[in-house]
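Protein chains in written order, with our numbering: chain H, 1 to 370; chain F, 1 to 292. Idealized CB from N, CA, C, for every residue including glycine. The structure presented is a predicted model; accordingly, all values stated were derived computationally and were not measured. Reviewing the structure listed below.
Quick look at the structure:
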């Protein structure tokens, strides 16, 4: 039996003009790293602030460590938060920042100084207790903010896009550090972000949130390989999107025809019948590229499409090429093989491409939940 | 060559821009004070005869009346400053943190509007309210709280009310500035880490706002200590206010030498008090001024 450190039960919050969180129910397992991923304005910050206790829900309940948090103020919840701008206290030293929560609990000075120093050791900042906050680098501040919360041994640590303010290189490094810290402490982390790469890299489970609801909750792999809704398919990872009408159904496969006249086959998601409006998503790395049909070296028979190179998107291991399909002039992105083959492609060069129909997914339009 | 001309003309512009301020500083502040200083250091030895001497300053310390009046003025000013701080803090907090946009502008305007009326008129307004035949004593009789109308003027608490009222805006403005710049997430973080209203105020809000608090206190203390109108109108001619003593020396007794010495003593003693206050609260004058 799994124990949940955080359980939301039909949690709702409405503001004057819109519903920020719409009757959400979910559980976060003890010791796991749970991310809530969504575009800005999807309600994820409202959700997090309701868990922290800064916003009173309109309906439903939050249980933390099996205890209902109804009417419990933020300073009495077994929850701590790492704020978006970190919110370290500039009027205090690093050590005083880390010891702040202990002081509020009435821990004696000597005791809390020792505990704060130990915690700074554990997050890799030994001997920095006497420094001022503004003497630290961005990454060090990050760790102080986490240490300040973890020293209180919370049931749950909430993180509100703490990496958002960092530059790219540091963000990449802090991602790894966060994951290692979570593994070392074993505290349950609830992390909100709009950056899908942060969510995928860090999390045990990810909830994709849109307009106050969870579109899908699953492991990063599930979200990536089997998106449950068109929103998830479009939001998580890069995807080619082809809109059209169902022209034929063959068991689990459907064939759709785009308005511009391109016919594509994909795996069916949910029930569809001919004539339905539908959308197909194909990952760039699912498609193969060749200068001739023979180059494609298809293991199974699959439709071969023709196109011309529109632009080359070189990005090291993530390089891709943007094509235009011959007949429909549809844009289509194909990942370049890592071998460096086709590194010499030219713009306007004619190419062939293909993808296995069962690795593309087709959703009916207007049936977002299948 | 061209470079030298450019820098010369830049220097000229700089001096021209500084000129009004320098003229003001020199002509209206430095010069009168120099003259007063010289005046205060003269002793009258005979009709129309003067010699250098410290007699004026000696009088202040040997005549208990003057020293007592100064201590009394300073004490009431300190109390008025503390009361103004206590009153202005919630007002500044409301404007800076609890309201947004138009409402916050409106509240600021409400604080400002009384200052559109001249200080004399405002103080006379208080007199209309508080004198024996005035509005408040009459109301107290009507409500049956007192049997006969009470004279509320010419009492120390009345002076305090007047001083606090006059000073409020000068405390609200620097407090507002320093509270406005406090990041809300710091307050939330302090709550989140287990703080309550009092500890968050003590550990986060007050340390952040302390330059504003100090600046406001200095301004209000100086204004109150040097206030003449409120003290003499609400406290009466016998209110024993130090600026009244200076006025008396200059105007009533034609003893300009004594008045000038008192003026300098007021400046000196109030500077010492401000300096002590800064030392006690661990603030630096330049920090405080840069935050105001």
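Residue i to residue j, Cα distance in whole Å?
i, j, result
"residue 305 of chain H", "residue 337 of chain H", "18 Å"
"residue 309 of chain H", "residue 177 of chain H", "40 Å"
"residue 96 of chain H", "residue 289 of chain F", "27 Å"
"residue 147 of chain F", "residue 141 of chain F", "6 Å"
"residue 234 of chain H", "residue 271 of chain H", "20 Å"
"residue 10 of chain H", "residue 207 of chain H", "16 Å"
"residue 129 of chain H", "residue 117 of chain H", "7 Å"
"residue 81 of chain F", "residue 99 of chain F", "26 Å"
"residue 135 of chain H", "residue 209 of chain H", "37 Å"
"residue 283 of chain F", "residue 19 of chain F", "32 Å"
"residue 228 of chain F", "residue 31 of chain F", "23 Å"
"residue 241 of chain F", "residue 28 of chain F", "25 Å"
"residue 87 of chain H", "residue 20 of chain H", "24 Å"
"residue 334 of chain H", "residue 53 of chain H", "46 Å"
"residue 226 of chain H", "residue 113 of chain H", "49 Å"
Return no unless some Cβ of chain H is closer than 8 Å to the Cβ of residue i.
i, result
"residue 185 of chain F", "yes"
"residue 209 of chain F", "no"
"residue 191 of chain F", "yes"
"residue 255 of chain F", "no"
"residue 119 of chain F", "no"
"residue 188 of chain F", "yes"
"residue 199 of chain F", "yes"
"residue 194 of chain F", "yes"
"residue 205 of chain F", "no"
Using a beta-carbon distance below 8 Å, is residue i in contact with chain F?
i, result
"residue 15 of chain H", "no"
"residue 74 of chain H", "yes"
"residue 191 of chain H", "no"
"residue 67 of chain H", "no"
"residue 370 of chain H", "Here residue 370 of chain H scores only 38 on pLDDT, less than 50, and its place in the model should not be relied on; the value that follows carries that caveat. No, no contact with chain F."
"residue 152 of chain H", "yes"
"residue 104 of chain H", "yes"
"residue 358 of chain H", "no"
"residue 83 of chain H", "yes"
"residue 80 of chain H", "yes"
"residue 101 of chain H", "yes"
"residue 148 of chain H", "yes"
"residue 235 of chain H", "no"
"residue 89 of chain H", "yes"
If we count the other Cβ atoms within 10 Å of its Cβ and call it buried at 16 or more, is residue i buried or exposed?
i, result
"residue 246 of chain F", "buried"
"residue 32 of chain H", "buried"
"residue 208 of chain F", "buried"
"residue 269 of chain H", "buried"
"residue 280 of chain F", "exposed"
"residue 318 of chain H", "exposed"
"residue 49 of chain H", "buried"
"residue 346 of chain H", "exposed"
"residue 301 of chain H", "exposed"
"residue 213 of chain H", "buried"
"residue 283 of chain H", "buried"
"residue 80 of chain H", "buried"
"residue 50 of chain F", "exposed"
"residue 230 of chain F", "buried"
Can you name the start and end residues of the beta strand (DSSP E) that residue i belongs to?
i, result
"residue 50 of chain F", "49-52"
"residue 82 of chain H", "79-82"
"residue 308 of chain H", "304-313"
"residue 22 of chain H", "19-29"
"residue 350 of chain H", "350-354"
"residue 8 of chain H", "4-14"
Alpha helix (DSSP H) containing residue i: first to last residue?
i, result
"residue 208 of chain F", "206-225"
"residue 57 of chain F", "55-62"
"residue 111 of chain F", "101-112"
"residue 175 of chain F", "156-180"
"residue 52 of chain H", "44-52"
"residue 231 of chain F", "229-235"
"residue 342 of chain H", "No alpha helix (DSSP H) contains residue 342 of chain H, which DSSP labels as neither H nor E."
"residue 76 of chain H", "Counting along the chain, residue 76 of chain H falls outside any alpha helix (DSSP H), and DSSP gives it neither H nor E."
Could you check whether the Cβ of residue i sits closer than 8 Å to any Cβ belonging to chain C?
i, result
"residue 54 of chain H", "The question asks about chain C, but that chain is absent: this structure's protein chains are H and F."
What are the uninterrupted segments assigned as alpha helix (DSSP H) that are 4 or more residues long and contained completely in the region 239-291 of chain F, given in chain order? List check, alpha helix (DSSP H) in window: 242-247, 256-281 and 285-290.
Curious, which full-length alpha helix (DSSP H) runs of at least 4 residues does the region 203-280 of chain H contain? The alpha helix (DSSP H) runs lying completely inside the region 203-280 of chain H and spanning 4 residues or more are 220-225 and 230-235, given in chain order.
Suppose only complete runs of 4+ residues qualify. What are the alpha helix (DSSP H) ranges in the region 118-177 of chain H, listed by chain order? Runs of the alpha helix (DSSP H) spanning 4 or more residues and lying entirely within the region 118-177 of chain H occur at 138-150, in chain order.
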